[in-house]
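A.B. asks: Have a look at the structure that comes next, please.
There are 2 protein chains.
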Amino acid sequence: MFDYKLLAALAAVVEQGGFERAAQVLGLSQSAVSQRIKLLEARVGQPVLVRIAPPGPTEVGRQLLNHVQQVRLLERDLQRQVPALEDGGMPERLRIALNADSLATWWAGAVGQFCAEHKVLTDLVVEDQEVGLKRMRAGDVAACLCGSERPVAGARSLALGAMRYRALASPAFMKQHFAQGFDACRLARTPAIVYGPDDFLQHRYLASLGMQDGFLHHLCPSSEGFLRMTEAGLGWGLVPELQAREQLASGQLVEICSDTPIDVPLYWHHWRNGGQLLAQLTDHLRHSAHHWLVPL
Amino acid sequence: MFDYKLLAALAAVVEQGGFERAAQVLGLSQSAVSQRIKLLEARVGQPVLVRIAPPGPTEVGRQLLNHVQQVRLLERDLQRQVPALEDGGMPERLRIALNADSLATWWAGAVGQFCAEHKVLTDLVVEDQEVGLKRMRAGDVAACLCGSERPVAGARSLALGAMRYRALASPAFMKQHFAQGFDACRLARTPAIVYGPDDFLQHRYLASLGMQDGFLHHLCPSSEGFLRMTEAGLGWGLVPELQAREQLASGQLVEICSDTPIDVPLYWHHWRNGGQLLAQLTDHLRHSAHHWLVPL
């Protein structure tokens with residue numbers, strides 16, 4: 001068997017983002033943690049950590065972390081069957097990659113009670129879909145919520161529903177640019193707000209109106225910042241309906257062209273042998289996601 | 001003089017996050033953009049782009065971008081003096097690094113009208129302070145809003161005020177853990193929410209209550225997700241007062257220990273010779289930040 005004290009040290013350094021906090025969590029001195037990492041590297045014959053701030057796993061380090069995470073989930077199942085094994089009731093951690101807009105809107109409401117009841121702590125990683133699935137493949141996360149359907153090897157994907165986006169702007173923005181009524185050509189010449197280089201929602205929306213060319217835009221890599229910039233009249237942008245309900249009801253934001261939503265499907269990727277906790281969370285999402293997402 | 005057609009191609013590829021969109025914005029074919037980048041690399045004698053998705057500048061590429069950005073700001077000043085030079089009124093882009101909580105709260109309100117009046121588009125980059133200042137030093141951004149006071153070479157820093165954070169939790173969370181009243185020892189054993197490995201606010205808060213050890217926590221690298229998780233009762237966390245006003249007023253969130261705020265100072269770093277637009281934005285922030293920030 002592996003020496004799990006060494007693997008636990010590696011997991012703690014990566015999860016806590018440093019040796020000092022890893023030592024705190026493990027109840028060890030910092031030099032003891034360093035010692036364990038060095039011993040692990042001697043056994044493996046190569047570095048397991050990239051010594052930057054915060055430290056990140058090397059390729060082989062990632063494979064070890066993947067293994068630790070799987071073992072932990074299996075241990076958890078065993079503990080339920082053999083309660084005497086219970087190690088003081090430390091909550092389990094689940095590392096999950098998800099898209100920024102889900103995290104900014106429905107995610108916490110969907111998993112809150114589940115996490116409290118099952119004593120789960122979550123390490124959330126905000127990634128667009130390609131990177132999220134790459135992390136999944138590398139074993140860096142146990143699950144990934146993203147817009148891509150195709151599962152990675154060893155995992156399953158479950159369609160949860162779609163987030164509905166609407167193209168919104170402030171009344172002042174509408175008055176400034178569309179006092180004579182909405183006009184797609186004019187829209188393409190007003191500033192948009194774009195989340196980042198991988199966000200093509202605004203492009204898709206313009207394309208759906210027959211506008212294929214480039215357009216002016218702010219870049220704002222924050223869901224809430226995106227909404228604030230829209231409210232402040234800096235530009236128009238596709239905002240999750242879930243996030244703008246109050247603003248739409250109060251008239252603080254308006255749809256720039258009535259009832260032209262874009263639905264973005266969301267898939268839950270999870271390991272096939274991820275243990276009972278992950279299977280339960282998957283079931284929970286399967287049954288509750290429809291409260292927030294529209295059917296595919 | 002340099003060949004600015006080539007430099008503009010480099011800037012467009014980096015700003016647009018790819019050759020295809022750069023070509024759109026420049027009104028060129030994609031192969032023409034590639035050709036210009038190759039020509040630039042031949043002149044410089046080394047690669048200017050790292051060919052990943054999205055493409056990033058090499059070290060020398062960053063120096064060239066730095067120069068392009070400075071020249072653009074100076075051109076803008078010249079155009080104001082010699083209006084005939086106006087090149088069709090394309091808005092100027094300002095690339096700014098800032099902390100996630102500012103972007104999620106007061107930033108858009110503070111700059112909205114300024115950007116509309118001055119026809120400025122913003123490329124925002126969310127970074128914690130060290131990385132933000134590193135980008136500033138590399139010339140990758142024109143300004144940086146962060147918690148670190150010391151300016152990088154060639155730049156000035158201006159104290160804008162402080163964001164006030166309060167330790168908040170949901171009433172259900174309080175009832176579950178503090179039915180017998182608040183207790184710092186108990187707090188250290190309930191789950192917190194932490195933004196990321198560089199977020200020590202929760203540590204500082206616990207330390208201010210005399211608790212020095214590690215604690216359980218969720219990791220949630222999203223300002224709005226952080227708030228949603230707090231509302232959903234997943235844990236307690238330090239939330240900007242600006243962001244939780246409604247929740248505090250409605251009782252959806254409560255301060256876990258009455259009136260124990262933590263103030264985090266914010267500094268605006270800007271190039272000393274960044275042109276008139278940047279100077280105007282700096283003045284604007286100097287005079288308006290007090291609407292959202294508390295005095296230092």
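Chains Y and A supply the protein sequences, listed in that same order. Anchor point for the first sequence: position 142 equals 142 in UniProt numbering, and the numbering is continuous, going up by one each time. Anchor point for the second sequence: position 294 equals 294 in UniProt numbering, and the numbering is continuous, going up by one each time. The beta carbon of each residue, even a glycine, is placed where N, CA and C say it ideally should be.
1) Please list the residues of the stretch 195 to 219 of chain Y that have a C-beta atom closer than 8 angstroms to any C-beta atom in chain A, keeping them in chain order.
2) Can you tell me which of the three DSSP states Ile256 (chain Y) falls into?
3) Whole-angstrom Cβ separation of Val194 (chain Y) and His217 (chain Y), contact assumed at under 8 angstroms?
4) Is Asn66 (chain Y) buried or exposed, if buried means 16 or more other CB atoms sit within 10 Å of its CB?
5) From Gly139 (chain Y) to Arg156 (chain A), what distance separates their C-alpha atoms?
6) From Ala33 (chain Y) to Ala53 (chain Y), what does the alpha carbon distance come to, in whole angstroms?
7) Hey, Tyr267 (chain Y) and Ser148 (chain Y) are a contact pair by Cβ (cut 8 angstroms); roughly how many whole angstroms apart?
8) May I have a chain-ordered list of the alpha helix (DSSP H) segments no shorter than 4 residues that lie completely inside the stretch 107 to 141 of chain Y?
9) Have a look at Trp271 (chain Y) and Leu64 (chain A) and give me their C-alpha separation to the nearest angstrom.
10) Helix, strand or coil: which one does DSSP assign to Tyr195 (chain Y)?
11) Nearest-angstrom Cα distance between Phe200 (chain Y) and Gln180 (chain A)?
12) Tell me which residues share the same chain as Val294 (chain A) and place their Cβ nearer than 7 angstroms to its Cβ, disregarding the 5 neighbours each side in the sequence.
13) Cys144 (chain A) lies in the beta strand (DSSP E); which residues open and close that run?
14) Chain A partners of Met174 (chain Y), CB-CB under 8 angstroms?
15) From A:His291, A:Ala11 and A:Leu234, pick the residue whose C-alpha is nearest to that of Pro171 (chain A); which is it?
16) Which whole-angstrom value is the C-beta distance of Pro191 (chain A) and Leu121 (chain Y), which I expect to be below 8 angstroms?
17) Which stretch, first to last residue, makes up the beta strand (DSSP E) that contains Leu94 (chain A)?
18) With a 10 Å radius around its C-beta and 16 neighbouring C-beta atoms as the bar for buried, classify Glu130 (chain Y) as buried or exposed.
19) Between Tyr205 (chain Y) and the rest of its own chain, which residues show a CB-CB distance below 7 angstroms, the 5 nearest in sequence each way excluded?
20) Rounded to the nearest angstrom, what separates Arg93 (chain Y) and Asp123 (chain Y) at their Cα positions?
21) Go to Ser157 (chain Y), then tell me how far its beta strand (DSSP E) extends in each direction, as first and last residue.
22) To which residues does DSSP link Trp236 (chain A) through a beta bridge?
23) Bridge partners for Trp271 (chain A) per DSSP, in chain order?
24) Closest by CA to Leu7 (chain A), which one among A:Leu49, A:Cys257 and A:Met211?
25) Thinking C-beta only, is Val126 (chain A) closer than 8 angstroms to Leu98 (chain A)?
26) For Ile262 (chain A), which beta-bridge partners are listed by DSSP?
27) Going straight from the alpha carbon of Ala9 (chain A) to that of Glu41 (chain A), what length do you get?
28) Just checking: is the beta-carbon of Gly233 (chain Y) within a distance shorter than 8 angstroms of some beta-carbon in chain A?
29) Please report the distance separating the alpha-carbon of Ala110 (chain Y) from that of Ala188 (chain A).
30) Under 6 angstroms Cβ to Cβ from Ser223 (chain Y), same chain only, skipping five residues before and after it: list those, please.
31) Counting only C-beta atoms, is Glu59 (chain A) closer than 8 angstroms to chain Y at any point?
32) Considering only the alpha carbon of each residue, which of A:Gly18, A:Pro221 and A:Gly154 lies closest to Arg51 (chain A)?
33) Strictly under 8 angstroms for the Cβ-Cβ distance: is Trp271 (chain A) near chain Y by that measure?
34) Listed in chain order, which residues of the stretch 242 to 274 of chain A have Cβ atoms closer than 7 angstroms to some Cβ of chain Y?
35) Helix, strand or coil for Gly61 (chain Y), going by three-state DSSP, please let me know.
36) Which residues, in chain order, does the stretch 108 to 124 of chain Y contribute to contact with chain A at a C-beta distance below 7 angstroms?
C.D. replies: Well, looking at it:
1) Gly196, Pro197, Asp198, Asp213, Gly214, Leu216, His217, His218 and Leu219
2) Translated into the one-based positions of the first sequence, residue 256 (chain Y) becomes position 256. Ile256 (chain Y): coil per DSSP, three-state reduction.
3) Position 194 of the first sequence, counting from 1, holds the residue named residue 194 (chain Y). Position 217 of the first sequence, counting from 1, holds the residue named residue 217 (chain Y). Rounded, the Cβ-Cβ distance is 4 angstroms, consistent with contact.
4) Within the first sequence, numbered from 1, the residue matching residue 66 (chain Y) stands at position 66. Asn66 (chain Y) comes out buried.
5) For the purposes of this step, residue 139 (chain Y) is taken as residue 139 along the first sequence, with counting starting at 1. For the purposes of this step, residue 156 (chain A) is taken as residue 156 along the second sequence, with counting starting at 1. Roughly 44 angstroms between the two C-alpha positions.
6) Counting from one through the first sequence, the residue named residue 33 (chain Y) turns up at place 33. Counting from one through the first sequence, the residue named residue 53 (chain Y) turns up at place 53. One detail in the question is off: residue 33 (chain Y) reads as Val in this sequence, not Ala. Using only the alpha carbons, I get a separation of about 16 angstroms.
7) By one-based count along the first sequence, residue 267 (chain Y) stands at place 267. By one-based count along the first sequence, residue 148 (chain Y) stands at place 148. Right, the Cβ-Cβ distance comes to about 6 angstroms (below 8 angstroms), so this counts as a contact.
8) 107 to 118 and 129 to 137
9) For the purposes of this step, residue 271 (chain Y) is taken as residue 271 along the first sequence, with counting starting at 1. For the purposes of this step, residue 64 (chain A) is taken as residue 64 along the second sequence, with counting starting at 1. Cα-Cα distance, rounded: 45 angstroms.
10) Stepping through the first sequence from its first residue, residue 195 (chain Y) is reached at position 195. DSSP places Tyr195 (chain Y) in coil when its eight states are reduced to three.
11) Your numbering for residue 200 (chain Y) matches position 200 in the first sequence. Your numbering for residue 180 (chain A) matches position 180 in the second sequence. Answer to the nearest angstrom: the Cα atoms are 51 angstroms apart.
12) Residue 294 (chain A) sits at position 294 when you count from the first residue of the second sequence. Answer for Val294 (chain A): Gly161, Ala162, Arg164 and Asp263, listed in chain order.
13) To locate residue 144 (chain A), count along the second sequence from 1; it is residue 144. That run of the beta strand (DSSP E) goes Ala143 to Cys146.
14) Position 174 of the first sequence, counted from the first residue, corresponds to residue 174 (chain Y). The premise fails here: Met174 (chain Y) is roughly 13 angstroms from chain A at the closest Cβ pair, so nothing lies under 8 angstroms.
15) The sequence position of residue 171 (chain A) within the second sequence is 171, counting from 1. Answer by Cα proximity: A:Leu234.
16) Counted from its first residue, the second sequence places residue 191 (chain A) at position 191. Counted from its first residue, the first sequence places residue 121 (chain Y) at position 121. Between Leu121 (chain Y) and Pro191 (chain A) the Cβ distance is about 6 angstroms, and since that is below 8 angstroms, they are a contact.
17) As a first step, residue 94 (chain A) must be located in the second sequence, where it is residue number 94. Note, Leu94 (chain A): beta strand (DSSP E), Glu92 to Leu98.
18) Sequence index remark: in the first sequence, residue 130 (chain Y) carries index 130 (1-based). Exposed, by the Cβ-count rule.
19) Translated into positions along the first sequence, residue 205 (chain Y) becomes position 205. Around Tyr205 (chain Y): Ala167, Leu238 and Ile262.
20) Position 93 of the first sequence holds residue 93 (chain Y). Position 123 of the first sequence holds residue 123 (chain Y). Rounded to the nearest angstrom, the two C-alpha atoms are 7 angstroms apart.
21) Here the question's residue 157 (chain Y) lines up with position 157 in the first sequence. Taken as a continuous stretch (DSSP letters only), the beta strand (DSSP E) holding Ser157 (chain Y) covers Ala155 to Ala169.
22) Walking along the second sequence from the start, residue 236 (chain A) turns up at place 236. A:Ala192, per the DSSP bridge assignment.
23) Looking up residue 271 (chain A) in the second sequence gives position 271. Per DSSP, A:Ala155.
24) By one-based count along the second sequence, residue 7 (chain A) stands at place 7. It is A:Leu49 whose Cα lies nearest to the Cα of Leu7 (chain A).
25) Looking up residue 98 (chain A) in the second sequence gives position 98. Looking up residue 126 (chain A) in the second sequence gives position 126. Yes; because the gap between Cβ atoms is below 8 angstroms, this pair is in contact.
26) Working through the second sequence from its first residue, we reach residue 262 (chain A) at position 262. A:Tyr165, per the DSSP bridge assignment.
27) Position 9 of the second sequence holds residue 9 (chain A). Position 41 of the second sequence holds residue 41 (chain A). Cα to Cα, the separation comes out at about 12 angstroms.
28) The count along the first sequence starts at 1 and reaches residue 233 (chain Y) at position 233. True, the Cβ-Cβ gap to chain A drops below 8 angstroms.
29) Residue numbering aside, residue 110 (chain Y) sits at position 110 when the first sequence is read from its first letter. Residue numbering aside, residue 188 (chain A) sits at position 188 when the second sequence is read from its first letter. Distance between the alpha carbons of Ala110 (chain Y) and Ala188 (chain A) is about 25 angstroms.
30) If you number the first sequence from 1, residue 223 (chain Y) lands on position 223. The residues are Ala100, Asp101 and Ala104.
31) Here the question's residue 59 (chain A) lines up with position 59 in the second sequence. So, not an interface residue.
32) Position 51 of the second sequence, counting from 1, holds the residue named residue 51 (chain A). Of the candidates A:Gly18, A:Pro221 and A:Gly154, the one whose C-alpha sits nearest the C-alpha of Arg51 (chain A) is A:Gly18.
33) Position 271 of the second sequence, counted from the first residue, corresponds to residue 271 (chain A). It does not: the Cβ of Trp271 (chain A) has no partner Cβ on chain Y nearer than 8 angstroms.
34) none
35) Working through the first sequence from its first residue, we reach residue 61 (chain Y) at position 61. If DSSP states are grouped into helix, strand and coil, Gly61 (chain Y) belongs with the helices.
36) Ala108, Gly109, Gly112, Cys115, Ala116, Leu121, Thr122, Asp123 and Leu124
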